[in-house]
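Its first residue numbered 8, the sequence shown is counted upward by one per residue in my numbering. All C-beta atoms, glycine included, are put in the ideal place defined by N, C-alpha and C. Down below is the structure, laid out as structure tokens.
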Amino acid sequence: MNRQTLYYNGAWQDAHSTEYEEVINPTTEEVIGEVVTADQEDVNKAVASAKAAFDSWNTLEPKKRAEYVENILKGITARKDELVDVMIKELGTSRQFAESTQVTVSEKEMKATLEEIETFSFEDEVDNATVIKEGYGVVACITPWNYPLNQIQRKITPALLAGNTVVVKPAELTPMTAILLAEIVDEAGLPDGVFNLITGTGSETGDYLTSHEDVSAISFTGSTDVGKSLYEKAKTTVKQIVLELGGKSPMIYLDGGDLELAVKNSANTLLHNQGQTCSALSRLFVPKDELERTKEVIKDYYKDIKVGDPNEEDTMVGPIVSKDQMETVLNYIEKGKEEGAEILVGGNKMDRKGYFVEPTVFVNVTNDMTIAQEEIFGPVLVVLTYDSVEEAIELANDSIYGLSGGVVGPEDEAIKVARRLKTGNITINEGARTPKAPFGGYKQSGLGRENGLYGVEDYLEVKAIFK
Ligand code: NAD
8 MNRQTLYYNG AWQDAHSTEY EEVINPTTEE VIGEVVTADQ EDVNKAVASA
58 KAAFDSWNTL EPKKRAEYVE NILKGITARK DELVDVMIKE LGTSRQFAES
108 TQVTVSEKEM KATLEEIETF SFEDEVDNAT VIKEGYGVVA CITPWNYPLN
158 QIQRKITPAL LAGNTVVVKP AELTPMTAIL LAEIVDEAGL PDGVFNLITG
208 TGSETGDYLT SHEDVSAISF TGSTDVGKSL YEKAKTTVKQ IVLELGGKSP
258 MIYLDGGDLE LAVKNSANTL LHNQGQTCSA LSRLFVPKDE LERTKEVIKD
308 YYKDIKVGDP NEEDTMVGPI VSKDQMETVL NYIEKGKEEG AEILVGGNKM
358 DRKGYFVEPT VFVNVTNDMT IAQEEIFGPV LVVLTYDSVE EAIELANDSI
408 YGLSGGVVGP EDEAIKVARR LKTGNITINE GARTPKAPFG GYKQSGLGRE
458 NGLYGVEDYL EVKAIFK
């Protein structure tokens, strides 16, 4: 096994640290690899590499930077099959989802940002001022395990295009996808030090990296609790900070809409990737007098869902990423039962090897219950009822989060409801997200936006020169 899992100064490096973490396949519970837990000396070297590379990268013509990023995109496309395989192994995401979404979305989003940057002006004239937009310096990119390729892509694409250099610290549960991406970046021929990767835990490696005085910006995707703690670190040297955090997003079904569509749109976000999606539409709101029909539609939809080995073509739901995360999900299911919600579908750990939890749906849920307020990050849908559309909006907004949302109903009315939801992204009926539009959260779901030019702007310092 290759024990070099740190990449800086344009090459794979031996670690100073002698500590390693195992990577586990959640389907088989077997150890499939190990990566070094980078220590302070390792982090210092990676940051120094990024710092040394910054000036020349930042002053390189934006078009040239875009060419390098385009090479990374080509590499992702060329090594798509390997990326799919490694994500199935370390994350347990299904083959169909890895192929249709995990890799493809990265390709689409990179392509969209590259298209947008072609016409973006890094210099503007305002009266007698020349306004220059440039990189901050070294960006620490800290990413979670649920979309192990795309969470990194969403940071490095805009950060690099804006002129920054990066040090990526991927989630400890899914580092192998990140290592494969680093190989792709290496092949893309970027100048040494522009892209750097260090593996390790959040509490050690991530903590030290985000506190580093030579890091100018922190870009973090992960839990709201860790996101809040990063404010403290950002303040020490007044670092720029971008936060993509948790969610508990609503799907509102309006009378006169397509109930099957509302159930499908909501359920799919909790079935694909085992519901480990920040923007999952995990709270389904229906009019009280539609509850019985909703239950039938849900039971009908869930009866054909295949849960099992993520490698098999027809599997929709694989295992939860880790034993700890599986226990968290099962504890939430118990909590739901204790608080008086009723299981409509599933509700148990599956009797087989691997970290499998049955896709679960709760009814008789009220908005004050833990399962309606906290992010479960597993295949658990809660169904709530409302008496009036006003009440539906109020309940949907009664959350500390505001990442995503959906409304299914007559289009004009659905848009009126969407305008009143305090959330960063809303899908109406069959509306699909375009990668040029911003993605990000209101309230405790985050700070800043990803994708397209909205994403690039978070990585730009602005300077005015008066003549
Ligand atoms: P997490 O917060 O535990 O970890 C995320 C990353 O932060 C990991 O790389 C981890 O090692 C690192 N980390 C942990 N503690 C740290 C510290 N003290 N200092 C620096 N780094 C630290 O989250 P997770 O369990 O990996 O991911 C799940 C969470 O991510 C969910 O809440 C989910 O909603 C959120 N998420 C949000 C988005 C979004 O775009 N808004 C996308 C995906 C996931």
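Check: At a cut-off of 8 Å, is residue 366 close to ligand 1 when judged by its beta-carbon and the heavy atoms of the ligand?
Finding: Incorrect: residue 366 has no Cβ contact closer than 8 Å to ligand 1.
Check: Relative to the C-alpha of residue 140, which residue among 468, 201 and 157 is closest?
Finding: For the residues 468, 201 and 157, the minimum Cα distance to residue 140 belongs to 468.
Check: Around the C-beta of residue 427, are 16 or more other C-beta atoms found within 10 angstroms, so that it is buried, or is it exposed?
Finding: Exposed is the call here.
Margin query: Please state the DSSP three-state secondary structure of residue 115.
Written below: Looking at residue 115 - three-state DSSP - the assignment turns out to be helix.
Notebook entry, point to check: Does any heavy atom of ligand 1 sit closer than 8 Å to the C-beta of residue 104?
Noted result: No, the beta carbon of residue 104 sits no closer than 8 Å to any heavy atom of ligand 1.
Notebook entry, point to check: Which whole-angstrom value describes the C-beta separation of residue 217 and residue 204, a residue pair presumed to lie in contact below a C-beta threshold of 8 Å?
Noted result: Wrong, their Cβ atoms sit about 15 Å apart, outside the cutoff.
Notebook entry, point to check: Is residue 178 near ligand 1, with its Cβ less than 8 Å from a heavy atom?
Noted result: Taking non-hydrogen atoms of ligand 1 into account, the C-beta of residue 178 is found less than 8 Å away from one of them.
Next item on the list: Determine the closest residue to residue 183 out of 405, 443 and 14, with distance taken between C-alpha atoms.
Entry: Selected option, being the one with the closest Cα: 14.
Next item on the list: Mark residue 124 as exposed unless 16 or more other C-beta atoms lie within 10 angstroms of its C-beta, in which case mark it buried.
Entry: Residue 124 comes out buried.
Next item on the list: Assign residue 451 to one of three DSSP states: helix, strand, or coil.
Entry: Note: residue 451 maps to coil in three-state DSSP.
Note to self: Is residue 165 a contact residue of ligand 1, with contact defined as CB to any heavy atom under 8 Å?
What the structure shows: For residue 165, the CB stays at least 8 Å from every heavy atom of ligand 1.
Checklist line | residue 158 Cβ short of 8 Å to ligand 1 heavy atom set | finding: Taking non-hydrogen atoms of ligand 1 into account, the C-beta of residue 158 is found less than 8 Å away from one of them.
Next item on the list: Compare the beta carbon distance of residue 44 and residue 212 with 9 Å and say whether it is the shorter of the two.
Entry: Taking 9 Å as the cut-off, the Cβ atoms of residue 44 and residue 212 count as close.
Next item on the list: Would you check if the region 25–42 and the region 169–182 touch, i.e. whether three or more CB-CB distances between them fall below 8 Å?
Entry: Using a Cβ-Cβ distance cut-off of 8 Å, the region 169–182 and the region 25–42 are in contact, since at least three pairs of beta carbons, one from each stretch, lie closer than that value.
Check: For the region 390–422, which segments carrying the beta strand (DSSP E) assignment without a break, of at least 3 residues, lie completely within its bounds, in sequence order?
Finding: Runs found: 413–415.
Checklist line | Per DSSP, cross-strand counterpart(s) of residue 289 | finding: In the DSSP assignment, residue 289 is bridged to no other residue.
Notebook entry, point to check: Among residues of its own chain, excluding the 5 on either side of residue 188, which ones have a beta-carbon nearer than 7 Å to its beta-carbon?
Noted result: So the qualifying residues of the chain are 156 and 159.
Note to self: Determine whether the beta carbon atoms of residue 87 and residue 110 lie at a separation below 9 Å.
What the structure shows: Yes, the pair counts as a contact, with Cβ atoms nearer than the cut-off.
Check: Looking at the structure shown, is residue 232 part of a helix, part of a strand, or coil, going by DSSP?
Finding: In the three-state reduction of the DSSP assignment, residue 232 falls in the helix class.
Next item on the list: Output the residue ranges of the beta strand (DSSP E) runs that lie fully inside the region 118–149 and measure 3 residues or longer, sorted by chain position.
Entry: If we require 3 residues or more, the beta strand (DSSP E) runs fully inside the region 118–149 come out as 130–133, 136–142 and 145–149.
Notebook entry, point to check: Buried or exposed: where does residue 403 fall if 16 or more other Cβ atoms within 10 Å of its Cβ makes it buried?
Noted result: That one is buried.
Check: Span of the beta strand (DSSP E) holding residue 251?
Finding: It spans 247–251 - the beta strand (DSSP E) in which residue 251 sits, taken as one unbroken run.
Margin query: For residue 38, count the other beta carbons within 10 Å of its own beta carbon; 16 or more makes it buried, fewer makes it exposed. Which is it?
Written below: The residue in question, residue 38, is exposed, as its Cβ has fewer than 16 Cβ neighbours within 10 Å.
Check: When DSSP builds the beta bridges, which residues end up paired with residue 3?
Finding: Residue 3 is absent from the model: the chain starts at 8 and stops at 474.
Next item on the list: Return the Cβ separation of residue 407 and residue 422 in integer angstroms, given the expectation that the two are a contact with Cβ distance under 8 Å.
Entry: Contact doesn't hold; Cβ gap of about 25 Å is too wide.
Check: What's the C-alpha gap between residue 322 and residue 336?
Finding: Cα to Cα, residue 322 sits roughly 20 Å from residue 336.
Note to self: Quick test of your reading: residue 466 and residue 224, contact by CB under 8 Å. State the CB separation rounded to the nearest angstrom.
What the structure shows: Rounded, the Cβ-Cβ distance is 7 Å, consistent with contact.
Checklist line | Pair within 9 Å by beta-carbon distance, residue 298 and residue 389 | finding: Taking 9 Å as the Cβ cut-off, residue 298 and residue 389 do not qualify as a contacting pair.
Check: Looking at C-beta atoms only, is the number of pairs between the region 233–253 and the region 271–278 that lie closer than 8 Å three or more?
Finding: These segments do not touch.
Item checked: Residue nearest to residue 142 in terms of C-alpha spacing, selected from 377, 380 and 61 -> Of all alpha-carbon atoms in 377, 380 and 61, the one lying nearest the alpha-carbon of residue 142 is that of 61.
Check: Which residues does DSSP pair with residue 472 in a beta bridge?
Finding: Residue pairing for residue 472: DSSP places it in a beta bridge opposite 137.
Item checked: Whether residue 391 touches residue 373 by CB criterion (9 Å) -> Residue 391 places its beta carbon less than 9 Å from that of residue 373.
Notebook entry, point to check: By Cβ distance below 8 Å, which residues in the same chain neighbour residue 130 in space, the five residues on each side in sequence not counted?
Noted result: Scanning its chain for C-beta atoms nearer than 8 Å, with the 5 sequence neighbours on each side dropped, one finds around residue 130 the residues 137, 138, 139 and 140, in chain order.
Notebook entry, point to check: Apart from the five residues just before and just after residue 166, which ones in its own chain have a Cβ nearer than 6 Å to its Cβ?
Noted result: Taken in chain order, the residues that qualify are 146, 173 and 466.
Notebook entry, point to check: What alpha helix (DSSP H) runs, 4 residues minimum, are completely inside the region 279–335?
Noted result: You should have 298–309.
Item checked: Outcome for residue 199 when other beta-carbon atoms lying within 10 angstroms are tallied against a minimum of 16 -> By the neighbour-count rule (16 or more Cβ atoms within 10 Å), residue 199 is not buried but exposed.
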